[in-house]
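Colleague:
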Amino acid sequence: MNVIVPPSMDKQRVLSGVQPTGNLHLGNYLGAIRNWVEVQDQYENYFCVVDLHAITAPHNPSTLAEDTYTIAALYLACGIDLNHSTIFVQSHISAHSELAWLLNCLTPINWLHDMIQFKEKAIKQGENVSMGLLDYPVLMAADILLYQADKVPVGEDQKQHLELTRDIVDRFNHQFGGGQAILKRPNPMIRHEGARVMSLTDGTKKMSKSDPSELSRINLLDSPDEIQKKIKKCKTDPYRGLAFGVVDRPECHNLLTLYMVLSGQSREKVAAEGEDMGWGQFKPLLTDTIIEALRPIQSMYTQVRSEPTYLESVLTHGRERAEVLANKTLERVKEALGFSRPR
Ligand code: AQP
């Protein structure tokens, strides 16, 4: 296992995270984690498991801690390298909640009502919509701003929240900065391919941990049998010949994109290969490609979980390192807002 070496301090800083709301799926991997891994050596990276976000929807207290460890172990299994990156748990650093409160008091409530994710999730939650769900983007802004991140690699679905974070920065600096940029404006980092992986049961909906149907997603820890079953049952269409970007064939575009990204082939090559293919020929190909792409991640995951003290030490070191930066920003913000210091 890796020795933990402090990341270089002269690189731009990256921050991102995933909620422990269930199993990580191919959308989380291709839209976020794979991209973190690919560029991690160019940045100073902070990757957190955002467990405070996980309770913005009804959650199970008996699985929250275990789900948090699973996600942290999956970060390592997917290739997050401690020579370049710090891994920590959001709730282990109280500055996240505190900055979220401070930012709440300067964020207009109508900005939050406009968030697409809030509207979509509020519909799913019906009567049970919490204040936390509405406030999710402010907590996310606090996560990013505490580390003065330059870049935030996310899937397409989080772009609007990044824009809100930038608006909060401008408002804070304008109202309380006294001519200084106390908070830094982050930029989204969104890769075109895999930025929006769609559900296997409905190509117009994004693949999501909270979709009640297990058949809608491929989890990173699914066994080969489960993957085979899910691809066998996934929604397709009655046409022969597979192609990208055809209107009314969202499932075809999604499955072909998954095949392209996970097999590492070019769009042109995959388009040519799929031209005369039927679903009966394509599905086994896609199944094998997914199984092979996930195999090394699954074997590394088993290794990480077999050494629980290792994971504990990664998270303890991560907290210690992240906390220094987080507390420094929090102090600057409190000072700008005019709070007294304890004597
Ligand atoms: N379908 C997706 N395609 C591409 N990227 C995706 N991401 C999530 N789903 C897709 C990206 O994964 C990162 C972590 O997401 P998250 O767990 O913090 O929350 P989420 O976006 O709400 O993901 P889920 O799976 O839909 O979770 P639930 O169902 O709990 O809400 C983010 O960078 C996100 O863009």
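Numbering of the sequence shown is given in my numbering, commencing with residue 726 and proceeding in unit increments.
Where a beta carbon is used, it is the ideal one built from N, C-alpha and C, also for glycine.
Please state the DSSP three-state secondary structure of L1071.
Modeller: In the structure as shown, the chain starts at 726 and stops at 1068, and residue 1071 therefore has no counterpart that could be examined.
Colleague: Would DSSP call G742 helix, strand or coil?
Modeller: strand
Colleague: Measuring CB atoms only, is the segment 1041-1060 touching the segment 804-823, in the sense that at least three cross pairs come out at less than 8 Å?
Modeller: yes
Colleague: Under 9 Å between the Cβ atoms of V863 and I893?
Modeller: In this structure, V863 lies near I893, with their beta-carbon atoms less than 9 Å apart.
Colleague: Express the C-alpha separation of Y984 and E845 in angstroms, rounding to a whole number.
Modeller: 28 Å
Colleague: Just to confirm my understanding: we take A996, look at its own chain, exclude 5 residues before and 5 after, and list those with CB closer than 7 Å. What are they?
Modeller: A968, F969
Colleague: Work out the CA separation of E1037 and H917 for me, nearest whole Å.
Modeller: Their backbone Cα atoms lie some 35 Å apart in a straight line.
Colleague: State the Cα-Cα distance for the pair A779 and M856, rounded to the nearest angstrom.
Modeller: The alpha-carbon atoms of A779 and M856 are separated by roughly 13 Å.
Colleague: Let me check one thing: in DSSP terms, what residues is I812 bridge-paired to?
Modeller: According to DSSP, I812 bridges with F772.
Colleague: Hey, L1011 and L980 are a contact pair by Cβ (cut 8 Å); roughly how many whole angstroms apart?
Modeller: 6 Å
Colleague: Return helix, strand or coil for V762, following the three-state DSSP convention.
Modeller: Correct three-state label for V762: helix.
Colleague: In the DSSP assignment, find the alpha helix (DSSP H) that holds K679 and state where it starts and stops.
Modeller: In the structure displayed, the chain extends from 726 to 1068; residue 679 sits before or after that span and is not available.
Colleague: Can you tell me whether D860 is buried or exposed? The criterion is at least 16 other CB atoms within 10 Å of its CB, across all chains shown.
Modeller: buried
Colleague: DSSP on V728, reduced to helix/strand/coil?
Modeller: Confidence at V728 is low in this model, with a pLDDT of 42, below 50, so the placement of that residue is unreliable and no value is reported for it.
Colleague: Can you look up P1067 in the DSSP assignment and give me helix, strand or coil?
Modeller: coil
Colleague: Could you check whether the segment 769-776 touches the segment 915-934, counting it as contact only if at least three pairs of C-beta atoms, one from each stretch, sit closer than 8 Å?
Modeller: no
Colleague: By the DSSP assignment, the beta strand (DSSP E) with N912 in it spans what residues?
Modeller: 912-914
Colleague: Helix, strand or coil: which one does DSSP assign to K1059?
Modeller: helix
Colleague: What is the residue span of the alpha helix (DSSP H) that T929 lies within?
Modeller: Premise fails: T929 is in no alpha helix (DSSP H) and is neither H nor E.
Colleague: Does the beta-carbon of T1054 have 16 or more other beta-carbons within 10 angstroms, so that it is buried, or is it exposed?
Modeller: buried
Colleague: Can you tell me where the alpha helix (DSSP H) holding F969 begins and where it ends?
Modeller: Counting along the chain, F969 falls outside any alpha helix (DSSP H), and DSSP gives it neither H nor E.
Colleague: With three or more beta-carbon pairs closer than 8 Å as the criterion, would you say the segment 893-911 touches the segment 825-844?
Modeller: yes
Colleague: Give me the Cα-Cα distance between S1065 and F897, rounded to the nearest whole angstrom.
Modeller: Cα atoms of S1065 and F897: separation of roughly 19 Å, rounded to the nearest angstrom.
Colleague: With a cut-off of 9 Å, does the C-beta of L824 fall near any C-beta of chain C?
Modeller: The chain labelled as chain C is not found in the depicted structure, where only one protein chain is given.
Colleague: My parser needs the alpha helix (DSSP H) runs of 4 or more residues fully inside the segment 810-857; what are they?
Modeller: Unbroken alpha helix (DSSP H) runs of no fewer than 4 residues, entirely contained in the segment 810-857, are found at 820-829, 834-838, 841-850, following chain order.
Colleague: So what's N944 in DSSP terms, helix, strand or just coil?
Modeller: strand
Colleague: Quick one: is the Cβ of K934 within less than 8 Å of any heavy atom of the ligand AQP?
Modeller: yes
Colleague: May I ask you to list the residues that DSSP assigns as paired with M923?
Modeller: K931
Colleague: Please confirm whether V739 and W761 have their CB atoms less than 9 Å apart.
Modeller: In this structure, W761 lies closer than 9 Å to V739 by Cβ.
Colleague: Are there 16 or more other CB atoms within 10 angstroms of the CB of A906, so buried, or fewer, so exposed?
Modeller: exposed
Colleague: Would you mind working out which of I943, P783, L755 sits nearest G851, comparing C-alpha positions?
Modeller: If we check each option's Cα against that of G851, P783 comes out closest.
Colleague: Taking 8 Å as the cut-off, does the CB of T746 come closer than this to any heavy atom belonging to the ligand AQP?
Modeller: yes
Colleague: DSSP three-state label for K909, please.
Modeller: In the three-state reduction of the DSSP assignment, K909 falls in the coil class.
Colleague: Let me make sure I understand the geometry here. Which of R891, K930, T926 has the alpha-carbon closest to that of N912?
Modeller: For the set R891, K930, T926, the Cα lying nearest the Cα of N912 is the one of R891.
Colleague: Is R738 near the ligand AQP, in the sense that its beta carbon is under 8 Å from a heavy atom of that ligand?
Modeller: no
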